[in-house]
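In our numbering, the protein residues as written are 12 to 345. Structure first, commentary second.
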Ligand code: GDD
């Protein structure tokens, strides 16, 4: 019998990489998709178009975190042995504009899911994709699983609530529930309003003469950036254990937004300095500080380590943008 996994947020960056990983491992993969008029499935398009995969080993279900009845019905029918919870409003800047929506999906959505699992006769192993943003401006750097939770933005607060709830359901209700404390992880499939993708896209578009400038907020901000493909491997490893626990997934290396700019423009052989502009519109009311992860526990217990270095990641993203832009309008290529 094939193992069955269920993924919330299957159409996102991490969901699509995780789907590929699980299919390669022989799983039957199910995922929930939101009922919207324009269904965003482009990251899964290659699997969706494959008749040997779609509706054979990959199944999509209409269900949403704000519709627990449907979610309960779908999960009762599918009976997965593993559930990867990746869905939620994941943009930190946006969470200042839409704090209620952020909490509704990211915090309450997770609690609703935990409540459903608690009632299932055989609850699946549960992976919750939480965030380094739960730490805010930590006194300790790098951070571990024991660093105090002290978020400083609505997104971090929502994730903090969900993270603690996962711990409560693990300890009080005996669920096999894991928090993966994920630091920034990027790829060519990253959403366009995250800074790495925005920069890599702009560098490629400027190279092809299709964009004049790149407008950014705080370019001195530092992050611990890894590759999403490495992080989904960590998710799977975290559930493939005897017991449930929390794990930090991070590279342990800091880079600035400025270094992303330099790496991306270098990948297309351009000098960035004439193109990058500042706009305070992209500044956030507060910035986390020293978000650097210590993944020792994931390394020693799970055998996990990030394989793809920063420079390679940014180069891969920029070249992917260049290829994509050239494909969509070959005549515009310079
Ligand atoms: N998005 C964006 N757009 N960020 C900008 C810009 C801009 O124009 N200019 C500067 N930045 C800075 C942000 O202020 C932030 O300091 C940094 O670039 C990274 O921003 P994002 O790429 O939006 O990611 P994030 O760090 O806020 O959040 C991501 O990582 C978290 C894990 O640490 C998201 O993926 C979260 O969902 C995730 O939990």
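Glycine residues also receive a C-beta, built at the ideal position from the N, C-alpha and C atoms.
Whole angstroms is fine: what's the gap from residue 209's alpha carbon to residue 173's? Along the chain shown, read from residue 1 onward, the residue named residue 209 stands at position 198. Along the chain shown, read from residue 1 onward, the residue named residue 173 stands at position 162. Computed Cα separation, rounded: 28 Å.
Handout entry: Segment limits, alpha helix (DSSP H) that includes residue 208
Key = The residue labelled residue 208 in the question sits at position 197 within the chain shown. It spans 206-218 - the alpha helix (DSSP H) in which residue 208 sits, taken as one unbroken run.
**OP:** Report the three-state DSSP secondary structure of residue 127 (helix, strand or coil).
**Re:** In the chain shown, residue 127 corresponds to position 116, counting from 1. Helix.
Hey, would you say residue 349 sits closer than 8 Å to residue 263, going by beta carbons?
-> Missing from the structure shown is residue 349; the chain here goes from 12 to 345 and no further.
### Query
Per DSSP, residue 192 is paired with what?
The residue given as residue 192 occupies position 181 in the chain shown. In the DSSP output, where bridge partners are listed per residue, residue 192 has 141 and 259.
Margin query: the ligand GDD and residue 324: does the residue's C-beta get closer than 7 Å to at least one heavy atom of that ligand?
Written below: Here residue 324 is taken as the residue at index 313 of the chain shown, counted from 1. The answer is no for residue 324.
* Asked: Can you tell me whether DSSP reads residue 81 as helix, strand or coil?
  -> In the chain shown, residue 81 corresponds to position 70, counting from 1. If DSSP states are grouped into helix, strand and coil, residue 81 belongs with the helices.
What did DSSP end up calling residue 41 once you bin it into helix, strand or coil?
Here residue 41 refers to the residue found at position 30 when the chain shown is read from its first residue. Here residue 41 sits in strand by DSSP.
Element boundaries [alpha helix (DSSP H), containing residue 274] = Position 263 of the chain shown, counting from 1, holds the residue named residue 274. Taken as a continuous stretch (DSSP letters only), the alpha helix (DSSP H) holding residue 274 covers 268-278.
Problem - Beta-carbon separation (whole angstroms), residue 279 vs residue 214, contact threshold 8 Å - result: Here residue 279 corresponds to residue number 268 of the chain shown, with the count starting at 1. Here residue 214 corresponds to residue number 203 of the chain shown, with the count starting at 1. 5 Å between Cβ atoms; contact.
Notebook entry, point to check: Is residue 238 near residue 188, with beta carbons less than 8 Å apart?
Noted result: Position 227 of the chain shown, counting from 1, holds the residue named residue 238. Position 177 of the chain shown, counting from 1, holds the residue named residue 188. Against a cut-off of 8 Å, the Cβ pair of residue 188 and residue 238 comes out as no contact.
- Cα-Cα separation between residue 107 and residue 63, rounded to whole angstroms: By one-based count along the chain shown, residue 107 stands at place 96. By one-based count along the chain shown, residue 63 stands at place 52. One C-alpha to the other measures close to 43 Å.
* Stretch-stretch touch, CB-based, cutoff 8 Å, three pairs: the segment 286-306 with the segment 222-233 -> yes
Return the first residue and the last residue of the alpha helix (DSSP H) that residue 158 is part of.
If you number the chain shown from 1, residue 158 lands on position 147. Looking at the DSSP string, residue 158 is not in any alpha helix (DSSP H), and its letter there is neither H nor E.
Under the rule that 16 or more other beta-carbon atoms within 10 Å means buried, what is residue 260, buried or exposed?
Within the chain shown, numbered from 1, the residue matching residue 260 stands at position 249. Per the 10 Å Cβ criterion, buried.
* To do: Helix, strand or coil for residue 242, going by three-state DSSP, please let me know.
  => Sequence index remark: in the chain shown, residue 242 carries index 231 (1-based). In the structure shown, residue 242 sits in a helix (DSSP, three-state: H, G or I).
Tell me the DSSP secondary structure of residue 184 in three-state form. For the purposes of this step, residue 184 is identified with residue 173 of the chain shown, where counting begins at 1. Three-state DSSP puts residue 184 in a helix.
Compute the minimum distance between the beta carbon of residue 143 and the heavy atoms of the ligand GDD, and state whether it is under 7 Å. On the chain shown, position 132 is the one that residue 143 refers to. Residue 143 Cβ: within cutoff of the ligand GDD.
Q) Nearest to residue 13 by CA position, among 163, 89 and 109, is which residue? A) One-based indexing of the chain shown puts residue 13 at position 2. Closest option to residue 13, Cα to Cα, is 89.
Practice prompt. Consider the C-beta atom of residue 25 and the heavy atoms of the ligand GDD; say whether any pair is separated by less than 7 Å.
Written response: In the chain shown, the residue the question calls residue 25 occupies position 14. No - the ligand GDD has no heavy atom lying nearer than 7 Å to the Cβ of residue 25.
#### Entry: Extent of the continuous beta strand (DSSP E) to which residue 19 belongs
Residue 19 sits at position 8 when you count from the first residue of the chain shown. From DSSP, the beta strand (DSSP E) with residue 19 extends over 15-19.
Let me confirm a value: residue 344 is counted as buried when at least 16 other C-beta atoms fall within 10 Å, else exposed. Which label applies? Here residue 344 refers to the residue found at position 333 when the chain shown is read from its first residue. The predicted position of residue 344 is uncertain, since its pLDDT is 47 and thus under 50; a value taken from the coordinates is nonetheless stated next. Residue 344 comes out exposed.
Measuring from the CB of residue 298, is there a heavy atom of the ligand GDD at a distance below 7 Å? Position 287 of the chain shown, counted from the first residue, corresponds to residue 298. Yes, the ligand GDD has a heavy atom inside 7 Å of this Cβ.
(Q) By the three-class DSSP mapping on this structure, what secondary structure does residue 65 have? (A) Locating residue 65 in the chain shown gives position 54, where the first residue counts as 1. Here residue 65 sits in strand by DSSP.
Assuming residue 25 and residue 180 are in contact, meaning their beta carbons sit under 8 Å apart, how far apart are those beta carbons, in whole angstroms?
Here residue 25 refers to the residue found at position 14 of the chain shown. Here residue 180 refers to the residue found at position 169 of the chain shown. Incorrect: roughly 22 Å between the Cβ atoms, too far for contact.
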